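Novice: Residue numbers (the numbering used here): 322 to 570. Here a beta-carbon is modelled for each residue, glycine too, at the ideal position from N, C-alpha and C. Fair warning: this is a prediction, and the values are worked out from it, not measured in the lab.
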Amino acid sequence: MALRCVNPACPAQLIERIIHFASRGAMDITGLGASLAVQLYESGLVKDVGDLYYLKKEDLVKLERMGGKSADNLLEALQRSKQNDLSRLLVALGIRFVGERAARILAFHFKNLYRIASAAFEEVIMLEEIGPKIAFSLQEFFKQKETKEIIHKLEEAGVNFSLLEEEREVEGEGIFEGYTFVLTGTLSGYTRQQAKELIESKGGKVVNSVSKKTDYVLAGKSPGSKLNKAMELGIKILSEEDFSRLSNS
DNA sequence: GAGCCTCGAGATCT
DNA sequence: CTCGAGGCTC
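Here you go:
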């Protein structure tokens, strides 16, 4: 396991938290990457992720390589991120051992952030796939003063704290039920993320590498080595057209 | 306004 | 790694 800096005020860690908060699997704030995160932190504009939602255009444009257009785009991305589902917010907070998987389970069970924050240890460990490590980590996280401040800022800013997406984990439904997909190359009508969501919404599963358990490889433009592997293993290859046809039926 | 350059996103590969 | 968006410079 990697070493981690124990100092809670370690700048490198605070910056990492900002980057992580904005990342694709978390709040998905496009335009906020490593370099901006460093600038925001070092300029003192953002001390914790709660401050992101109070950024003003006039402050932003003073930063390097940040003109009017970029500032507008960023503000818009921040605005949009307020409507994210609870599970994204949970991932974004960067609680140890809480990744996409655990976040979904917690969000689905507790329905809103406050109920998670005040959940009893016993109730948390009851959940499928959630054990004492995660439960303990949650307690640690939510009892910190810093956490409370961040949550307060987020709430004031109007960030959504609730489960939106009524999880459609209805078994035996959807055209892709029981099938495993691998994506390779660039699609024109979907981003990878969208294709993944579409497949999952229809009951399929998306994994990262091709094996004999893979049912379909969806190959876009300039596919990588996954396509070769699929051919070697004799796995069905879908073009983007095949895929859209299937998913619309 | 052209062209350079940086950052971020999305992809691959390991 | 490659590519595109957008800022910066002249």
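Would you be able to state if there are at least three C-beta pairs under 8 Å between the segment 437–450 and the segment 458–466?
Specialist: Counting Cβ pairs under 8 Å, three or more are found: they touch.
Novice: So, are the CB atoms of residue 506 and residue 540 less than 7 Å apart?
Specialist: In this structure, residue 540 lies closer than 7 Å to residue 506 by Cβ.
Novice: How about residue 485 and residue 406: do their beta carbons lie closer than 7 Å?
Specialist: The answer is yes: Cβ separation under 7 Å.
Novice: Please state whether DSSP places residue 330 in a helix, a strand or coil.
Specialist: Of the three classes helix, strand and coil, the one that applies to residue 330 here is coil, per DSSP.
Novice: Whole angstroms is fine: what's the gap from residue 514's alpha carbon to residue 508's?
Specialist: The alpha-carbon atoms of residue 514 and residue 508 are separated by roughly 11 Å.
Novice: To the nearest angstrom, how far is it from the Cα of residue 426 to the Cα of residue 498?
Specialist: Near 20 Å, if we compare the C-alpha coordinates of residue 498 and residue 426.
Novice: Using a 10 Å radius around the Cβ and a threshold of 16 neighbouring Cβ atoms, would you call residue 267 buried or exposed?
Specialist: Past the boundaries of the shown model lies residue 267; the chain is included only from 322 to 570, so the question cannot be answered.
Novice: Just list the residues that DSSP pairs residue 375 with in beta bridges.
Specialist: Paired residue(s): none; residue 375 is not in a bridge.
Novice: Bridge partners of residue 433, per DSSP?
Specialist: Answer is 483.
Novice: Report yes if the C-beta distance between residue 352 and residue 398 is below 7 Å; otherwise report no.
Specialist: Closer than 7 Å, so yes.
Novice: Output yes or no for whether 7 Å exceeds the beta carbon distance between residue 355 and residue 378.
Specialist: No, these two residues do not count as a Cβ contact at 7 Å.
Novice: Quick check on residue 370: buried or exposed, where buried means 16 or more other Cβ atoms within 10 Å of its Cβ?
Specialist: So residue 370 ends up on the buried side.
Novice: Starting from residue 418, follow the alpha helix (DSSP H) in both directions and report where the run begins and ends.
Specialist: From DSSP, residue 418 is part of no alpha helix (DSSP H); its letter is neither H nor E.
Novice: Would a C-beta distance cut-off of 7 Å place residue 412 and residue 346 closer than the cut-off?
Specialist: It is a contact, given that the beta carbons lie within the stated cut-off.
Novice: Taking the continuous beta strand (DSSP E) assigned at residue 503, which residues delimit it?
Specialist: Its beta strand (DSSP E) spans residues 501–505.
Novice: Determine the direct distance from the alpha carbon of residue 421 to that of residue 482, and round the result to whole angstroms.
Specialist: If I take the Cα positions, the gap works out to 16 Å.
Novice: Kindly indicate which three-state DSSP category residue 451 falls into: helix, strand or coil?
Specialist: Residue state, collapsed to three classes: coil.
Novice: Looking only at C-alpha atoms, which of 563, 403, 542 and 530 sits nearest to residue 551?
Specialist: Of the candidates 563, 403, 542 and 530, the one whose C-alpha sits nearest the C-alpha of residue 551 is 530.
Novice: Could you please give me the residues that DSSP links to residue 557 through a beta bridge?
Specialist: Paired residue(s): 537.
Novice: Note down, in chain order, each residue of its chain lying with its Cβ closer than 8 Å to the Cβ of residue 451, except the 5 sequence neighbours on either side.
Specialist: Around residue 451: 423, 426, 427 and 445.
Novice: Do residue 502 and residue 480 have their CB atoms nearer than 7 Å?
Specialist: No, they are not a contact pair.
Novice: Throw me the rounded Cβ distance for the residue 312 and residue 350 pair, which I believe falls under 8 Å.
Specialist: As displayed, the chain neither begins before 322 nor continues past 570, which places residue 312 out of reach and without an answer.
Novice: What residue from 536, 400 and 410 has the CA that sits closest to residue 478's CA?
Specialist: Nearest of 536, 400 and 410 to residue 478, Cα basis: 400.
Novice: Could you tell me the boundaries of the beta strand (DSSP E) in which residue 528 lies?
Specialist: Residues 526–528.
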